[in-house]
Each structure stands twice: as C-alpha cells, then as structure tokens.
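Chemist: Mind having a look at this structure? Questions to follow.
Protein chains: 2
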Amino acid sequence: MHRTYAGPGGGRRGVGATAAGGANLPALRSHNTALVLDLLRTAGEPGISRLELAEGTGLTPQAVSKITARLRADALVTEAGRRASTGGKPRTVLRLVPGAGQAVGLHLDRDELRAVLCDLTGAVVAGRRAPLDLGSGAQAVVEGAAREVEALLSEGAAERSGPVPDGAPAAIAGAGRSVPVLGVGVALPGPLDHARGVLHRVTGFPEWDGFPLRDALVRRLGMPVVVDKDTNAAALGLALGEAVGGADTSFAYLHLGTGLGAGLVVGGAVHRGARTGAGEFGHQVVQLDGPPCECGDRGCIEALCLAAVARGDMAEAARVLGTGAANLAGLLDIDLVLLGGRTVAAHPDAFERGVGAVLDARARREGSTAAVPVRIAPGGARGVAEGAAQLLLAPLFGRAEA
Amino acid sequence: MHRTYAGPGGGRRGVGATAAGGANLPALRSHNTALVLDLLRTAGEPGISRLELAEGTGLTPQAVSKITARLRADALVTEAGRRASTGGKPRTVLRLVPGAGQAVGLHLDRDELRAVLCDLTGAVVAGRRAPLDLGSGAQAVVEGAAREVEALLSEGAAERSGPVPDGAPAAIAGAGRSVPVLGVGVALPGPLDHARGVLHRVTGFPEWDGFPLRDALVRRLGMPVVVDKDTNAAALGLALGEAVGGADTSFAYLHLGTGLGAGLVVGGAVHRGARTGAGEFGHQVVQLDGPPCECGDRGCIEALCLAAVARGDMAEAARVLGTGAANLAGLLDIDLVLLGGRTVAAHPDAFERGVGAVLDARARREGSTAAVPVRIAPGGARGVAEGAAQLLLAPLFGRAEA
DNA sequence: ACCACTTTCGCAACGCTGTTGCCAAAGTGC
DNA sequence: GCACTTTGGCAACAGCGTTGCGAAAGTGGT
Chain Y
1 MHRTYAGPGG GRRGVGATAA GGANLPALRS HNTALVLDLL RTAGEPGISR
51 LELAEGTGLT PQAVSKITAR LRADALVTEA GRRASTGGKP RTVLRLVPGA
101 GQAVGLHLDR DELRAVLCDL TGAVVAGRRA PLDLGSGAQA VVEGAAREVE
151 ALLSEGAAER SGPVPDGAPA AIAGAGRSVP VLGVGVALPG PLDHARGVLH
201 RVTGFPEWDG FPLRDALVRR LGMPVVVDKD TNAAALGLAL GEAVGGADTS
251 FAYLHLGTGL GAGLVVGGAV HRGARTGAGE FGHQVVQLDG PPCECGDRGC
301 IEALCLAAVA RGDMAEAARV LGTGAANLAG LLDIDLVLLG GRTVAAHPDA
351 FERGVGAVLD ARARREGSTA AVPVRIAPGG ARGVAEGAAQ LLLAPLFGRA
401 EA
Chain G
1 MHRTYAGPGG GRRGVGATAA GGANLPALRS HNTALVLDLL RTAGEPGISR
51 LELAEGTGLT PQAVSKITAR LRADALVTEA GRRASTGGKP RTVLRLVPGA
101 GQAVGLHLDR DELRAVLCDL TGAVVAGRRA PLDLGSGAQA VVEGAAREVE
151 ALLSEGAAER SGPVPDGAPA AIAGAGRSVP VLGVGVALPG PLDHARGVLH
201 RVTGFPEWDG FPLRDALVRR LGMPVVVDKD TNAAALGLAL GEAVGGADTS
251 FAYLHLGTGL GAGLVVGGAV HRGARTGAGE FGHQVVQLDG PPCECGDRGC
301 IEALCLAAVA RGDMAEAARV LGTGAANLAG LLDIDLVLLG GRTVAAHPDA
351 FERGVGAVLD ARARREGSTA AVPVRIAPGG ARGVAEGAAQ LLLAPLFGRA
401 EA
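Here you go:
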C-alpha cells in the first residue's frame with residue numbers, strides 16, 4: 001500500500017507544485033508530509049513525538065496524527081517507546097524507519113569511481129570503489145558504472161536481510177521484504193545540465209561533450225537517475241547532515257582539490273541557477289591583471305590559491321581562499337563556510353585558521369555583526385558520493401531545489 | 001466584503017505558510033490567488049483570459065473561475081472585453097483593477113526624501129519631493145516623513161475621485177469609494193534589519209544607530225510599514241517591472257552612485273539573507289593588497305571603481321565593475337545584470353559597453369554558454385521609491401521573500 | 001487502593017479546497 | 001438556420017486540515 005510522495009523533480013518552490021506553481025490538495029499533502037518526514041529525519045535516533053512535530057511544523061496535532069498514521073501504514077515510520085510523563089499520558093515517540101527506502105550515490109572522480117548505498121537517513125549501508133578511466137569512452141564508462149550499481153544493490157540486498165539463520169531465502173528472512181530503491185544520484189566535476197542530466201564538457205575528454213548521461217543510465221538501469229556537479233552533491237549532503245544548523249541555513253561549501261569550486265546552499269536548498277552554472281568560485285577574479293589562469297583570464301582565485309599551495313605557502317593559500325569566501329559571504333549573507341577537498345584535508349588547521357582570520361577581520365571592520373564561522377566539512381572523501389545519494393533522498397524531505 | 005490575501009511578512013517559501021512551514025487550506029488559497037493575481041498584473045493592459053490563467057498557473061479552468069469570481073466580488077478584477085473567437089465562444093478578458101489598492105513608497109536618500117503613491121500595478125499615482133536632513137534627529141525625520149506621507153495620501157485621494165463635476169463630495173464621486181492603502185515601504189541606504197525594521201547604522205550619523213524606524217512610523221501613521229535597503233527596493237521594483245523577463249528570473253542590480261551596492265533577485269524574489277546583509281558588492285576584494293578602502297580593507301571594488309570615476313576614466317571604472325559583475329554572475333548563474341545609480345546615469349553607454357565586454361569575454365572563454373546580458377536599469381531616480389512601494393504590493397502577488 | 005486531574009491522541013462531523021461531470025451561452029462556418 | 005466548437009458556470013464530489021469530544025494512559029493526593 002505504497003503511496004506516492006514528492007518524487008525527484010517534484011517541487012520547485014515550497015509546495016510540491018506543478019511546473020507553473022499552482023498548488024492543489026495532493027500538493028498540499030505532499031508538502032506537509034515532507035515537512036513531517038524532515039523533522040523525523042532530523043530527530044534521528046532519539047525520535048520525536050507527535051506534539052513536537054505539530055509544534056515544529058505549525059500544523060495542528062490532529063493533522064500530524066493523520067499524516068503520521070499514513071506514514072506508519074506505509075511502514076516509513078514506527079512508534080519507538082514513549083517519553084517520560086509530565087503528569088498525563090506520556091507522549092509516544094515516533095521514528096523514521098531507515099530501511100524503508102534506499103538510494104545509490106555515485107561519485108565519478110577523475111580516476112576513481114565511488115558508489116555508496118544509503119538508507120533513508122542518509123547513512124551508508126554499503127560502499128564500493130573502482131578505478132575509472134574516462135578515456136575509455138562514454139558507453140564503457142556507463143556500463144562500468146551500471147555494473148558497480150548492480151553489484152552494490154546485491155550487496156545491499158544481502159545486508160538488508162541481515163544475519164540470516166542457515167539457508168533461509170533472503171526474500172523471506174527477517175523484516176526483509178524488498179526495500180524500494182529510489183534511484184541513483186551521480187556526481188561529477190565540470191559543467192553540466194542538472195535538469196536534463198546532460199554533460200557539457202569534461203576537461204581533457206572532448207568525446208564527452210554533450211553526453212546525455214542521465215538518459216543513458218536510465219536506459220541501462222531502469223530506475224530514476226539524477227546528475228549533478230560534485231560540489232553541489234557535497235553541499236547537499238552537508239545541508240542534510242549534522243554539521244549544518246537548521247533546515248533554513250545558508251552556507252557555502254568550498255572545495256579545494258585539483259581545482260577550486262563551491263556548492264551553495266541558500267535557505268536549506270542547493271542553489272544551482274537556471275543553467276546549473278552557480279558555484280563557479282574558482283574563476284572569481286581577486287587580483288586584477290594578476291597572473292594568468294588556465295581559463296584565459298588573469299588573477300583568478302584558483303590560480304593564485306593553487307600557486308601558493310604549489311609553493312607550500314598554505315598561509316597565503318588560505319588568505320586568498322578567505323578573501324574569496326569573504327566576498328561570497330558579503331554578497332549572500334551566508335551563515336557558515338565549510339571547507340573540503342584533498343588540499344584542505346592535508347592542512348586542515350592552516351586553512352580553517354587562515355580563512356577564519358580573513359572573515360573575522362572583515363566582521364570586525366563592519367562593526368557589530370558576528371563573523372561568519374568557518375569549519376572543515378565532515379565526511380571526507382566519501383562525502384560527495386553520500387551527497388549524490390541525497391539527490392534522490394532529499395526530495396522526500398522537501399529539500400528539492402531553491 | 002474584503003477578504004484577507006497574503007499580507008506583508010506572510011509567506012516565506014512558496015505557499016504563504018506558517019513560520020514553521022506547515023500549510024493549510026487558507027494558505028493554499030492565498031498561494032493560488034497570489035499566483036493568479038501575479039499573472040493578471042503581468043498581463044497588464046491587454047488583459048488575460050481565464051483559460052490562459054489556467055495554463056499559466058497549472059490550475060484547472062474551474063479553479064481559476066472560482067478564484068477570479070472571488071477577486072471580481074472583491075473588485076480587484078474586472079471583465080474587460082473579449083478575445084476574437086476561434087470557432088467557439090470567445091474568451092472573456094480579465095484585468096486587474098489598478099485602483100483597487102495603493103501603497104506608499106518612501107526613499108530616504110542622503111539629502112532628499114522622495115515619496116510616491118503607487119496603484120496595484122506599481123504605476124505612480126502621485127509623487128512628492130522634499131529636502132532631508134538626517135542630522136536633525138530621528139524624531140524630526142520620522143515626523144517629517146510622516147507629514148509627507150499624509151500629504152501624498154490626500155493628493156492621492158483627490159486624484160482618486162478624478163475630475164468631479166462641480167462640488168460633489170469626493171467620497172461619493174465616480175467609482176470613488178475609499179481606496180485601501182496597504183501601507184508604506186521605506187528604502188534607505190546602509191545596513192539594517194529588514195525583518196524587524198531596525199536600522200543598524202547610518203554613515204555619518206551615529207545617533208541613528210539601532211533606531212527602530214518601522215515601529216516609530218507604525219506608531220505615527222497607524223498603517224503597515226516595511227523597511228529595506230535602497231538597493232533591495234530598487235531590485236524589487238525591477239523584478240516586478242517590464243525590464244525583467246519572467247517571474248522566476250534571477251538578476252543583479254548594481255548601483256553605482258556615491259557608493260557601490262547591489263540588490264540580488266534569485267528566482268523572482270529578493271535575496272536578503274538572514275541578517276539583511278546580502279548584496280554587499282562594493283567591498284568585494286578584486287585587487288589583493290590593492291589601494292586602501294574607507295572600510296579598512298584593501299582592493300575593494302568600490303574604492304577602485306570610484307577612484308577611476310574620480311580620474312574620469314570611465315572605461316576603467318566599467319572594467320572594474322564588470323569584473324565584479326562577472327564574479328557575481330559566475331557564483332550565482334544569474335540571467336541578467338542591470339546597472340543604475342547617478343554615476344552610471346551620467347555615462348550609461350560607457351558602463352553598459354564596458355561591463356558587457358567583461359562578461360562577454362568570460363562567456364567566450366567558457367565556451368558555448370551565452371554571455372549574461374547587461375542593461376541600464378529603467379526607472380531612473382524614482383526607481384527606488386517605486387520599489388519601496390512594491391515592498392507592500394509584491395506580497396499580494398506572491399513575491400515576498402526568497 | 002482509589003480517585004481526581006492532566007495530557008495524549010484517535011474518531012467523527014465539518015468547512016473549504018480544487019476536481020469532475022454536465023449543461024447553458026455564445027460564437028463560427030456551412 | 002443548423003451543426004459544431006469553445007467558454008465558463010452550477011452541482012456533486014473527494015480529500016485536505018480543523019474542531020469537538022471522548023477514550024486511553026499516565027501522575028499525584030487521599
């Protein structure tokens with residue numbers, strides 16, 4: 001008895017409305033259901049009571065009761081103990097059932113493929129790694145990726161049924177009815193079209209120009225596929241994670257690895273822009289007529305930052321990165337800056353301190369306003385793949401687009 | 001028989017939901033009504049038929065019929081002729097009644113106060129100008145502003161009744177039942193808190209620090225007041241105007257006058273950030289360790305740009321401005337850049353060309369993507385005051401916040 | 001042990017939303 | 001003048017959150 005909740009590409013602004021924005025009763029229901037699910041997700045292990053859900057959503061307790069009753073009927077939510085009484089009937093604690101759905105996250109890095117299988121809460125159930133050669137042609141890469149996904153799903157199926165006594169068929173064992181897989185999220189660097197799932201360019205591999213990656217994977221795998229930039233996936237994963245405050249937080253994830261890019265989260269949703277072009281942080285010019293950059297311009301922050309890294313001058317690299325972060329923070333009034341990527345991971349303290357110093361200095365100049373906090377993004381190397389899985393999970397919780 | 005539509009501060013994300021996000025039937029209704037009103041507003045003089053509204057909103061024709069029936073009962077909408085037949089009953093054309101509501105826009109500039117009275121479509125019905133001395137103390141300025149608003153409203157009342165034959169009482173003449181005034185929007189430079197309507201600082205006048213401008217005006221005038229930065233008001237006015245494409249367009253309004261600031265519109269709504277700090281464009285650093293700026297930092301775009309202007313080197317000023325615009329366009333993937341302010345107005349061609357050249361060059365480097373178009377913002381000196389009035393009008397059309 | 005009280009939460013009736021089925025109105029074109 | 005097309009209102013309907021009320025499940029005093 002599975003009903004349909006807001007699926008991928010469902011909602012644009014608030015209510016999971018039609019493309020044009022008109023909202024009807026099913027859309028209203030999806031919206032409120034997603035809101036409740038998001039609070040349940042955020043509450044995590046301890047769980048949350050109906051009345052707390054009502055308070056958190058602004059819905060009446062009765063509406064929450066009806067919504068949670070549907071969710072329980074669909075086995076997405078269970079009752080899990082009760083709170084201590086405050087003089088009356090104790091509140092029943094509800095919890096999201098993590099295993100009620102899964103999604104695959106795929107990270108196609110320059111030379112490596114990472115795949116993770118995540119449950120509804122975003123926790124990793126199984127993971128795989130494989131070498132990746134983008135030069136072997138689009139079809140071969142698609143085929144290889146599809147095989148990894150299939151292998152991951154069978155691992156997951158074994159995992160799902162749990163430690164089974166003797167040779168009982170996996171499909172029958174435990175609570176092991178087949179777990180619905182929502183789809184595959186794919187994250188990769190470079191410019192692309194998130195809405196259509198088409199790559200624009202892959203640096204160094206012109207044969208990929210304009211390749212319709214999503215459609216190819218949908219045909220091969222027969223399940224929903226969403227494609228996005230690696231920085232956006234990482235930012236989405238962070239937005240839904242513990243490092244970031246509430247559901248309405250705005251922050252920037254700055255990724256410094258072989259290149260420099262950013263993922264922007266505004267009001268709790270990833271901001272991609274109409275052409276999935278947002279977050280181009282690396283070619284921000286911070287030195288007019290400065291040293292030439294690969295891109296053809298001069299004084300790009302990426303060129304300056306990477307040059308400093310190459311010299312081993314991490315303090316200067318952090319100062320340059322901090323300048324760009326301060327520019328960004330001033331433009332968007334964000335709440336937080338998170339740093340990630342291989343280079344940052346190699347010198348976390350230097351970057352956290354250096355970037356923070358620039359933001360502190362700016363806040364001090366402006367007067368009363370508190371400085372934008374800077375932290376190292378948790379999650380590490382697997383963060384992008386986990387975020388890619390969230391491309392399918394997030395819509396369930398009303399975190400689709402900006 | 002006036003019902004309540006989405007008022008100021010009503011909706012945050014899409015549906016005019018509660019603070020927490022939960023949506024109920026009245027919220028759904030407000031949302032759809034606002035959607036219909038926005039299409040009616042956009043259609044303007046020619047008008048729009050019910051079926052076109054249905055197509056535009058995604059609602060069913062019957063739902064549109066019900067909504068427009070309510071709007072007609074409330075005298076916000078009238079039938080205005082019919083379309084040519086295509087072989088059946090011709091479509092009835094509906095039009096927004098401009099005079100069904102008014103709002104006051106107040107622009108407190110450095111040395112001048114501008115006040116405009118706008119109808120529902122944003123058209124100026126009446127306007128006033130007066131000298132302004134921020135040094136005369138907060139109470140005196142509030143009192144002066146309030147007197148201008150009152151004077152404007154009586155002018156408007158005369159205007160409303162139209163050319164009346166002989167000495168008929170204005171309240172009876174024509175369609176002249178009293179026009180509801182939605183409130184006053186106030187725009188002024190400098191950091192402030194849009195949500196609370198409190199000023200943080202007014203450069204050069206420390207006695208204004210932390211002044212609760214909104215509450216003071218509400219007490220004095222007894223009507224709703226919304227306060228915002230001048231650049232945000234200008235951007236809002238442009239977002240609802242003809243210069244900007246659809247309701248979902250994202251653009252930046254760059255204002256170069258005595259200072260340099262920006263108003264950001266993302267997805268059709270003004271982006272202010274949690275602390276109304278967004279749009280600080282002028283102190284973006286584009287020249288590391290460059291010449292010192294008033295703010296205490298070095299290489300700020302404002303310092304470089306204004307220095308070039310002072311030298312009379314408009315080409316260089318435009319190039320610097322264009323660099324900042326390109327940085328911004330890359331970060332947010334916006335659709336359009338609009339330029340305004342006294343300095344731009346004095347040399348429109350030089351700035352439009354110069355900024356455009358930088359954006360074109362970047363687009364060419366990136367390959368296929370078309371360059372972000374650059375235009376001079378229409379509206380001129382009165383644009384900010386008109387945008388301030390839109391602070392009250394926009395919520396009616398679902399254009400509250402981001 | 002019992003009772004009064006508090007608090008949670010589901011059932012039932014309700015108002016209001018957009019939706020669907022149907023039909024009158026108002027045109028065109030043969 | 002008739003057949004056809006298209007618009008748009010009326011009426012019945014399903015489904016949303018809301019309200020009123022009562023059962024369930026505790027605490028705390030007697």
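Residue numbers (UniProt numbering), protein chains in the order written: chain Y, 1 to 402; chain G, 1 to 402. Beta carbons: idealized from backbone N, C-alpha and C, even for Gly.
1. If we ignore side chains and look at the alpha-carbon of each, how far apart do residue 374(G) and residue 349(G) end up?
2. Given a limit of 7 Å on CB to CB distance, which residues of the region 289 to 308 of chain Y reach chain G?
3. Under 7 Å Cβ-Cβ, which residues of chain Y neighbour residue 335(G)?
4. Just tell me which of 88(G), 34(G), 99(G) has its CA closest to the CA of residue 67(G).
5. Along chain Y, which residues have their Cβ under 7 Å away from the Cβ of residue 278(G)?
6. Mind checking the region 40 to 67 of chain Y against chain G and listing, in chain order, the residues whose C-beta falls within less than 7 Å of any C-beta there?
7. Let me know if residue 163(Y) comes out buried or exposed under the rule of 16 or more other beta-carbons within 10 Å of its beta-carbon.
8. Flag residue 148(G) as yes if its beta-carbon sits less than 9 Å from any beta-carbon of chain Y, otherwise no.
9. What separation, rounded to the nearest whole angstrom, lies between the Cα atoms of residue 282(G) and residue 262(G)?
10. Using 9 Å as the threshold, is the C-beta distance between residue 293(Y) and residue 299(Y) below it?
11. Please decide whether residue 281(Y) counts as near chain G, where near means a Cβ-Cβ distance under 9 Å.
12. Measuring straight from C-alpha to C-alpha, what distance separates residue 384(G) and residue 230(G)?
13. Do residue 200(Y) and residue 188(Y) come within 9 Å of each other at the CB atom, strictly closer than that value?
14. Taking the C-alpha atoms as reference points, what is the distance between residue 288(G) and residue 241(G)?
15. Would you call residue 221(Y) buried or exposed, if buried means 16 or more other Cβ atoms sit within 10 Å of its Cβ?
16. Can you tell me which of the three DSSP states residue 316(G) falls into?
17. Check for me: the beta strand (DSSP E) holding residue 301(Y) runs from which residue to which?
18. Flag this pair as yes or no: are the beta carbons of residue 341(Y) and residue 264(Y) separated by less than 9 Å?
19. Scan the region 365 to 393 of chain G for residues whose Cβ lies nearer than 8 Å to a Cβ of chain Y and list them as they occur along the chain.
20. Per DSSP, what kind of secondary structure is residue 242(G) in: helix, strand or coil?
21. With contact counted as at least three CB pairs below 8 Å, one residue from each stretch, are the region 117 to 132 of chain Y and the region 88 to 104 of chain Y in contact?
22. Please tell me whether residue 78(G) and residue 70(G) are closer than 9 Å, where the distance is taken between their beta carbons.
23. Between residue 232(G) and chain Y, is there a C-beta pair that is closer than 9 Å?
24. Quick one: does residue 250(G) have its CB under 9 Å from some CB of chain Y?
25. Whole angstroms is fine: what's the gap from residue 237(G)'s alpha carbon to residue 146(Y)'s?
26. Output the distance between the C-alpha atoms of residue 268(Y) and residue 390(Y), rounded to the nearest integer angstrom.
27. Any idea what DSSP makes of residue 383(Y), helix, strand or coil?
28. Is residue 295(Y) helix, strand or coil by DSSP?
29. Quick one, which residues of the region 184 to 203 of chain G are near chain Y if we go by CB-CB under 8 Å, in chain order?
30. Looking at the secondary structure, which residues open and close the alpha helix (DSSP H) in which residue 25(G) lies?
31. Taking CB distances under 9 Å as the criterion, tell me whether residue 128(G) reaches chain Y.
32. Which complete alpha helix (DSSP H) runs does the region 176 to 238 of chain Y hold, if anything under 4 residues is left out?
33. So residue 348(G) is in the alpha helix (DSSP H); what residue range does that whole segment cover?
34. Comparing alpha-carbon positions, which option in 106(Y), 323(Y), 251(Y), 331(Y) lies nearest residue 254(G)?
35. From the DSSP output, in three-state form, read off residue 85(G) for me.
36. In this structure, how does DSSP classify residue 162(Y) when only helix, strand and coil are distinguished?
Modeler: According to the data block:
1. Indexing the second sequence from 1 puts residue 374(G) at position 374. Indexing the second sequence from 1 puts residue 349(G) at position 349. Distance between the alpha carbons of residue 374(G) and residue 349(G): 11 Å.
2. 295, 296, 297
3. As a first step, residue 335(G) is located in the second sequence; it is residue number 335 there, counting from the start. Result: 274.
4. Sequence index remark: in the second sequence, residue 67(G) carries index 67 (1-based). Comparing alpha-carbon positions, the option among 88(G), 34(G), 99(G) lying closest to residue 67(G) turns out to be 34(G).
5. Taking the first residue of the second sequence as 1, we reach residue 278(G) at position 278. Simply 331, 332, 333.
6. 56, 57, 58, 59
7. Working through the first sequence from its first residue, we reach residue 163(Y) at position 163. Caution applies to residue 163(Y), whose pLDDT of 45 falls short of 50 and renders its modelled position unreliable; the model cannot decide the point.
8. Translated into positions along the second sequence, residue 148(G) becomes position 148. So no, residue 148(G) is outside the interface.
9. In the second sequence, the residue the question calls residue 282(G) occupies position 282. In the second sequence, the residue the question calls residue 262(G) occupies position 262. Looking at the two C-alpha atoms, the distance is approximately 8 Å.
10. Numbered from 1 along the first sequence, position 293 holds the residue referred to as residue 293(Y). Numbered from 1 along the first sequence, position 299 holds the residue referred to as residue 299(Y). It is a contact, given that the beta carbons lie within the stated cut-off.
11. Mapped onto the first sequence, residue 281(Y) falls at position 281. At least one chain G Cβ lies under 9 Å of residue 281(Y).
12. As a working mapping, residue 384(G) is identified with position 384 in the second sequence. As a working mapping, residue 230(G) is identified with position 230 in the second sequence. Looking at the two C-alpha atoms, the distance is approximately 6 Å.
13. Sequence index remark: in the first sequence, residue 188(Y) carries index 188 (1-based). Sequence index remark: in the first sequence, residue 200(Y) carries index 200 (1-based). For residue 188(Y) and residue 200(Y), no; Cβs fall outside 9 Å.
14. Here residue 288(G) corresponds to residue number 288 of the second sequence, with the count starting at 1. Here residue 241(G) corresponds to residue number 241 of the second sequence, with the count starting at 1. If I take the Cα positions, the gap works out to 38 Å.
15. Mapped onto the first sequence, residue 221(Y) falls at position 221. Residue 221(Y) should be labelled buried.
16. As a position in the second sequence, residue 316(G) is number 316, starting the count at 1. Of the three classes helix, strand and coil, the one that applies to residue 316(G) here is helix, per DSSP.
17. Within the first sequence, the letter at position 301 stands for residue 301(Y). Segment 301 to 311 is the alpha helix (DSSP H) holding residue 301(Y); no beta strand (DSSP E) there.
18. Along the first sequence, one-based indexing puts residue 341(Y) at 341. Along the first sequence, one-based indexing puts residue 264(Y) at 264. Not in contact: residue 341(Y) and residue 264(Y) (Cβ atoms no closer than 9 Å).
19. 365, 366, 367, 368, 369
20. Reading the second sequence from its first residue, position 242 is the one you call residue 242(G). Of the three classes helix, strand and coil, the one that applies to residue 242(G) here is coil, per DSSP.
21. yes
22. Taking the second sequence and counting its residues from 1, one reaches residue 78(G) at position 78. Taking the second sequence and counting its residues from 1, one reaches residue 70(G) at position 70. In this structure, residue 70(G) does not lie closer than 9 Å to residue 78(G) by Cβ.
23. Translated into positions along the second sequence, residue 232(G) becomes position 232. Under the Cβ distance rule, residue 232(G) does not count among the residues neighbouring chain Y, no pair being separated by less than 9 Å.
24. Residue 250(G) sits at position 250 when you count from the first residue of the second sequence. True, the Cβ-Cβ gap to chain Y drops below 9 Å.
25. In the second sequence, counting from the first residue as 1, residue 237(G) sits at position 237. In the first sequence, counting from the first residue as 1, residue 146(Y) sits at position 146. Using only the alpha carbons, I get a separation of about 50 Å.
26. Taking the first residue of the first sequence as 1, we reach residue 268(Y) at position 268. Taking the first residue of the first sequence as 1, we reach residue 390(Y) at position 390. Near 13 Å, if we compare the C-alpha coordinates of residue 390(Y) and residue 268(Y).
27. Position 383 of the first sequence, counting from 1, holds the residue named residue 383(Y). Looking at residue 383(Y) - three-state DSSP - the assignment turns out to be helix.
28. Locating residue 295(Y) in the first sequence gives position 295, where the first residue counts as 1. Here residue 295(Y) sits in coil by DSSP.
29. 191, 200, 201
30. Taking the second sequence and counting its residues from 1, the one referred to as residue 25(G) is at position 25. 25 to 43 is the extent of the alpha helix (DSSP H) around residue 25(G).
31. Along the second sequence, one-based indexing puts residue 128(G) at 128. The beta carbon of residue 128(G) does not come within 9 Å of any beta carbon belonging to chain Y, so the residue lies off that interface.
32. 213 to 221, all fully within the region 176 to 238 of chain Y.
33. Working through the second sequence from its first residue, we reach residue 348(G) at position 348. Residues 348 to 366.
34. On the second sequence, residue 254(G) is found 254 positions in, with the first residue counted as 1. Of the candidates 106(Y), 323(Y), 251(Y), 331(Y), 331(Y) places its Cα closest to the Cα of residue 254(G).
35. Taking the second sequence and counting its residues from 1, one reaches residue 85(G) at position 85. If DSSP states are grouped into helix, strand and coil, residue 85(G) belongs with coil.
36. As a working note, residue 162(Y) is residue 162 in the first sequence. Low confidence applies to residue 162(Y): its pLDDT is 45, below 50, so where it sits in the model is not reliable enough to give any reading.
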